[in-house]
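Which chain is which? The protein sequence lines are A and B, in order. Going by the working numbering, the first residue of the first sequence is number -10, and it counts up by one from there. Going by the working numbering, the first residue of the second sequence is number 40, and it counts up by one from there. See below for the structure under consideration.
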Amino acid sequence: MSTKRLALIAMLVAQATILHYLEGLLPNPIPIPGVKLGLANIITLLALVLFDFKTALNIVALRTILGSLLNGTLFGVGFFLSFSGAMAATCMMILLLRVFPVLSVIGVSIAGAIAHSIGQLLMAALIINQPGIFYYLPFMLLFSIPSGIITGLLLKGLLKYIQKTGGGGQLSGE
Amino acid sequence: MKKNDILLIGIIIVISLAALLFINILGKSDNITAVVIQNNKVIERIDLSTVKEPRTITVSGDYHNIIKVEKDRIRFEKSDCPEQICVHTGWLTKYGDIAVCMPNKTIIDIEK
């Protein structure tokens, strides 16, 4: 592993952790559990574009653990919810990036938000043993559109910048 | 944005609106029963149509939830859990409505 790659992975973990933490500080716009912008998802998707699946998964796992450690929910209910949601989103997005590349970054980001919601609800339904919680899914699906578009657009800007500065080419060429 | 992205957005909107419509049609009912559950155990089952005097129920666990019961409606009124999602859910008034306090593992579910 090159030093540059190692440094970049560490930086992405740090950035994702901070985004995860900051997002927890924002007030919930809608009184539905788990509805949020998903800013940390920008880094997940960026990691998937720049690196392989395993590296991205590691970054996501580290980010949820460190983020929860910062906001004091580590191994609490909130941690398991965001962990399962983030994992589901990562798997969904890698499928749409590599196996079925039919969507743009924005579409992939929306699909990631949906997978996040479903993963989270599955975990919540398991924890409280109450499938009725899927009642929230339609609201979460609707909200995944604006949040997916916003994070997708942010990532698009970020990718354009990375390409311009030439950072992406060196990394993906590894 | 690609054409497929627009298609995806369209499909999501149609599915979620259909689900919401379905929930609302299904939820029409005069007599609703609220079930308060904690740790998979039913704490109380209340026929909301017969409630005369508003009252509160306190559910203790890792945290404490105060549940307000009124005629035809019920809600988490107060909670000392960190995110307050249960309180922000507001009143439950129809079949299918559900409010959950994940940290305290408390659920209010509405049955027909």
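Every residue gets a Cβ at the ideal spot worked out from N, C-alpha and C, and that includes glycine.
- In the structure shown, F72(A) falls within a helical segment according to DSSP collapsed to helix, strand and coil.
- In this structure, A75(A) sits near T33(A), with a CB-CB distance shorter than 8 angstroms.
- Residues are counted here when their Cβ sits less than 8 angstroms from a Cβ of chain A; for the segment 57 to 76 of chain B these are A58, L59, I62 and I76, given in chain order.
- When DSSP reads this structure, Q77(B) sits in a beta bridge with K80(B) and T145(B).
- Of the other Cβ atoms in all chains shown, fewer than 16 fall within 10 Å of the Cβ of V88(A); this residue is therefore exposed.
- Rounded to the nearest angstrom, the Cβ distance from Y134(B) to S88(B) is 12 angstroms, too far for a contact under 8 angstroms.
- Contact of N79(B) with chain A by beta-carbon distance below 9 angstroms involves I117, N118 and Q119.
- Here the alpha carbons of V24(A) and F132(A) stand approximately 7 angstroms from one another.
- For the C-beta of L148(A), not a single chain B residue is nearer than 8 angstroms; the gap to the nearest is close to 15 angstroms.
- By the Cβ-count criterion, P93(B) is exposed, with fewer than 16 other Cβ atoms from all chains shown falling within 10 Å of its own Cβ.
- Of L56(B), Y102(B), L60(B) and T72(B), the smallest CA-CA separation from K144(B) is found for Y102(B).
- Not one beta carbon of chain A lies nearer than 8 angstroms to the beta carbon of G100(B).
- For K41(B), the closest C-alpha among the options I138(A), L147(A), F40(A) and K153(A) is that of I138(A).
- Assigned with DSSP and collapsed to three states, K43(A) falls in helix.
- Nearest neighbour of N79(B) by Cα position, chosen from G146(A), C80(A), P120(A) and G101(A), turns out to be P120(A).
- V126(B): member of the alpha helix (DSSP H) spanning I124 to T128, first to last residue.
- Restricting attention to G100(B), S118(B) and N70(B), the CA atom closest to the CA of R112(B) is found in N70(B).
- The segment 89 to 134 of chain A is shown to contain whole alpha helix (DSSP H) runs of 4 or more residues at 94 to 117, in chain order.
- At a cut-off of 8 angstroms, the C-beta of G49(B) has no neighbouring C-beta in chain A.
- With the criterion set as a beta carbon lying under 9 angstroms from some beta carbon of chain A, the members of the segment 113 to 129 of chain B are P121, E122, Q123, I124, C125, V126, H127, T128 and G129, in sequence order.
- Between the segment 67 to 86 of chain A and the segment 97 to 109 of chain A there are three or more inter-stretch CB-CB distances shorter than 8 angstroms, so the stretches are counted as touching.
- For K145(A), the three-state secondary structure derived from DSSP is helix.
- With respect to the C-alpha of L(-3)(A), the residue from G56(A), A114(A), E12(A) and A45(A) having the closest C-alpha is A45(A).
- Within chain A, the residues whose beta carbon sits less than 9 angstroms from that of N43(B) are V91, L92, S93 and G96, listed in sequence order.
- For K107(B), the enclosing beta strand (DSSP E) has its first and last residue at H103 to E109.
- In terms of beta-carbon proximity, Y10(A) stays away from the interface with chain B, with every pair separated by 8 angstroms or more.
- The C-beta of P127(A) comes closer than 8 angstroms to at least one C-beta of chain B.
- The segment 95 to 109 of chain B makes no contact with the segment 35 to 50 of chain A: fewer than 3 CB pairs, one atom from each, lie closer than 8 angstroms.
- The beta carbon of S55(B) falls within 8 angstroms of a beta carbon belonging to chain A, placing the residue at that interface.
- Burial is judged here by how many other beta carbons sit within 10 angstroms of a residue's own beta carbon; V81(B) has fewer than 16 and is exposed.
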